[in-house]
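Here the structure comes first, spelled out in structure tokens, and everything after it is commentary.
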Amino acid sequence: MSHEHQHEPTAEPGPDYFESSSWEERYAGPESVWSGDANPQLVAEAGRLTPGTALDVGCGEGGDVVWLARQGWRATGADFSANGLARAARHAEEAGVGERCDWWQVDARSFDPAGRTWDLVTTHFLHPPDHGIVEVTRRLAGAVATGGHLLVVGHSPHAHHTQLTDSHRRAMWTAEELLPGVPDGFEVLVVEQRPRVAVRDGHELEIQDSTLLVRRPG
201 MSHEHQHEPT AEPGPDYFES SSWEERYAGP ESVWSGDANP QLVAEAGRLT
251 PGTALDVGCG EGGDVVWLAR QGWRATGADF SANGLARAAR HAEEAGVGER
301 CDWWQVDARS FDPAGRTWDL VTTHFLHPPD HGIVEVTRRL AGAVATGGHL
351 LVVGHSPHAH HTQLTDSHRR AMWTAEELLP GVPDGFEVLV VEQRPRVAVR
401 DGHELEIQDS TLLVRRPG
């Protein structure tokens, strides 16, 4: 049984869940929004890789960034919320890995690596409206170094979240739906709906993690 992972809040986000203002407000409160645990598909896939440089887009409070740094990666956490990044930096310092972490305020929808690349680029549970995740995937792929990997993980629209509105459900996606955003020449390693048991408010939920892993050959 897995615990509630980093990017599953105890309450569903509001209608502006992909706008920075709502997240600035959420991260301004005294309570943690996420569990702080690394997301399980990151552990499963990055745990098999040789540590190098990593970029986590939509890092929130930094649980995945801290985990990567602890594994020996030089990790950059990117998010569009300044309050979220401040929390993430504090958590990294408290974990003793602050010197292995960098922080970058950027919106995934306008993300431009400007020629910078990382050995691992990852994002977890990023759900822009109207299937904007396909364009985000394309942008993130441009930041993958030769021989590096891109890992994109999200909520399936089919397996859970029955309390969500239709617009929220339409923002979810399956791994296969990301394939149009993968540039030519990338090697597709994983396109899976991975079942998992999560715990929310003391109740077990059967969910699926939409998981895409691709590699830039070199």
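Mapping of the sequence shown onto the working numbering: position 52 corresponds to residue 252, and the numbering continues sequentially without gaps. Note that beta-carbon positions come from the ideal geometry of N, C-alpha and C, so glycine has one too.
Closest by C-alpha distance to residue i, when choosing among the options
i	options	result
C301	L285, A275, G347, V382	A275
L354	G260, L326, A286	A small correction: the amino acid at residue 354 is Gly; Leu does not occupy that position in the sequence shown. It is L326.
G263	T323, D237, R394	D237
E261	V243, G252, Q305, Q271	Q305
L340	S367, S310, P329	S310
W373	H358, E387, E299	H358
R369	V344, P329, E392	P329
F386	E377, G247, V344	V344
Contact under 9 Å by Cβ, residue i with residue j
i	j	result
V321	V257	yes
D312	S356	no
L249	A278	no
L351	L285	no
A308	V266	no
V397	A375	no
Alpha carbon of residue i to alpha carbon of residue j, nearest angstrom
i	j	result
T411	S281	25 Å
L268	E245	11 Å
G315	E404	43 Å
V399	H331	27 Å
R287	L379	33 Å
W318	P240	21 Å
G296	N283	20 Å
R416	H349	6 Å
W234	V243	With a pLDDT of 46 at W234, under the threshold of 50, the modelled position of that residue is not reliable, and no figure is offered here.
G402	P395	19 Å
R270	T253	13 Å
E406	A371	19 Å
G298	C259	15 Å
S367	P383	28 Å
E294	P251	22 Å
V388	E377	13 Å
Nearest-angstrom Cβ-Cβ length linking residue i and residue j, presumed shorter than 8 Å
i	j	result
W273	A289	No, W273 and A289 are not in contact; Cβ-Cβ is about 16 Å, not under 8 Å.
G418	G347	4 Å
G381	T337	3 Å
Residue(s) in a DSSP beta bridge with residue i
i	result
P395	Q408
G277	D256, W303
W318	V344
H291	None; H291 has no bridge partner.
R415	H349, E387
H355	D409
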